[in-house]
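Take the sequence shown: its letter number 27 is residue 27 in the numbering used here, and every next letter is one higher.
One structure is given here, and the rest of the page talks about it.
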Amino acid sequence: MAPTNTRRHIRQVINELAETIRERDRVTYDHCRRVAIYAQRLARAVGLQRTAARTIAQAALVHDLGKTWMQNEVLNKPSALSLDERHEMERHPIIAARIMMAYDAPDELIDIVRHHHEAYDGSGYPDGIKGAAIPLGARILTIADVFDALTTQRPYKEAMSLEVAREHIAARAGKMFDPAITDVFLHLLNERQDFQIAMHTTCPLPAIDPTWDAHDNFDLAS
Ligand SMILES: [Fe+2]
1 MAPTNTRRHI RQVINELAET IRERDRVTYD HCRRVAIYAQ RLARAVGLQR TAARTIAQAA
61 LVHDLGKTWM QNEVLNKPSA LSLDERHEME RHPIIAARIM MAYDAPDELI DIVRHHHEAY
121 DGSGYPDGIK GAAIPLGARI LTIADVFDAL TTQRPYKEAM SLEVAREHIA ARAGKMFDPA
181 ITDVFLHLLN ERQDFQIAMH TTCPLPAIDP TWDAHDNFDL AS
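Following this line, the structure appears as structure tokens:
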């Protein structure tokens, strides 16, 4: 068996898992790709090194892997979920973590994925941990995730405008989101008019404006 946790092994595992998401559900896959790019940009803006930012981007690329195990009626429901359906859906971070474990993904990535729905004030899931107990990568990912969910169209809702999404996120600083990371995110949104990327980002690599930080060029193949 190939040695685990080498950079090459991790890249292979993440690419294979991302591929399974793409085959199961294109909407979730496109979401994951955009979130990976946003999360990497935010991680760099927070001051993380390139390698740490890449790790967060890799986790982001498979963060909704657990949704591929949800029934179609829940995954593609065109209206709000019932309480039971919501409980089922809320198992997706645990399911993803379990699959990643079976693939020998590094613990660091598994932890980010498991905790991407935790809230800064402890009201999130699956473990209800709060503040600095939530892995930094998960605190970054959750903002990128929510921003993308708000600003894209879903079967049951229209896309929010950038301005409304900004207010929505700012209002949840210290509750859902780490306030310091939220500040950096809002600053990024203000500074970079080109922060938002196209809904149908083409795979495997998105077109990145060269005026972005060179490190922004999100390339899992590198
Ligand atoms: Fe999720």
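Beta carbons are placed, not taken as given, at the ideal position from N, Cα and C, and that holds for glycine.
Being a predicted model, the structure only gives us computed values, none of them experimental.
Not one heavy atom of ligand 1 sits closer than 7 Å to the Cβ of D111. When C-beta atoms of the region 46-59 are compared with those of the region 98-110, three or more pairs fall below 8 Å, so the two segments count as touching. For R154, the secondary structure class from DSSP, reduced to helix, strand or coil, is strand. Per DSSP, reduced to three states, the secondary structure at F195 is coil, with no helix or strand assignment. Shortest gap from the CB of D194 to any heavy atom of ligand 1: 7 Å or more. Taking the C-beta atoms as reference points, L188 is found no nearer than 8 Å to A43. With a 10 Å radius around the Cβ and a threshold of 16 neighbouring Cβ atoms, R139 comes out buried.
Here DSSP, grouped into helix, strand and coil, assigns A80 to coil. In this structure I94 is in contact with R114, their Cβ atoms being roughly 7 Å apart against a cut-off of 8 Å. In chain order, H116 place their CB closer than 6 Å to the CB of T142, counting only its own chain and leaving out the 5 sequence neighbours on each side. Taking Y38 as reference, the option from V74, T28, L61 and D25 with the minimal CA-CA separation is L61.
For Q153, same chain residues with a beta-carbon under 8 Å away, outside a window of 5 residues either side, are A159 and M199 in chain order. Within the same chain, L61 and V62 come within 6 Å of A18 by CB-CB distance, once the 5 residues on both sides are set aside. In this chain, the alpha helix (DSSP H) harbouring D111 covers D107 to R114. For Q193, the closest of E163, E73, A180 and A132 by C-alpha to C-alpha distance is E163. The region 16-70 contains, as complete alpha helix (DSSP H) runs of 4+ residues, the segments 26-46 and 50-61 (chain order).
Under the three-state reduction of DSSP, A97 is assigned to helix. In this structure, T28 sits near K67, with a CB-CB distance shorter than 8 Å. Within 7 Å of the C-beta of D145 there is at least one heavy atom belonging to ligand 1. The continuous alpha helix (DSSP H) containing H168 extends over residues L162 to A171.
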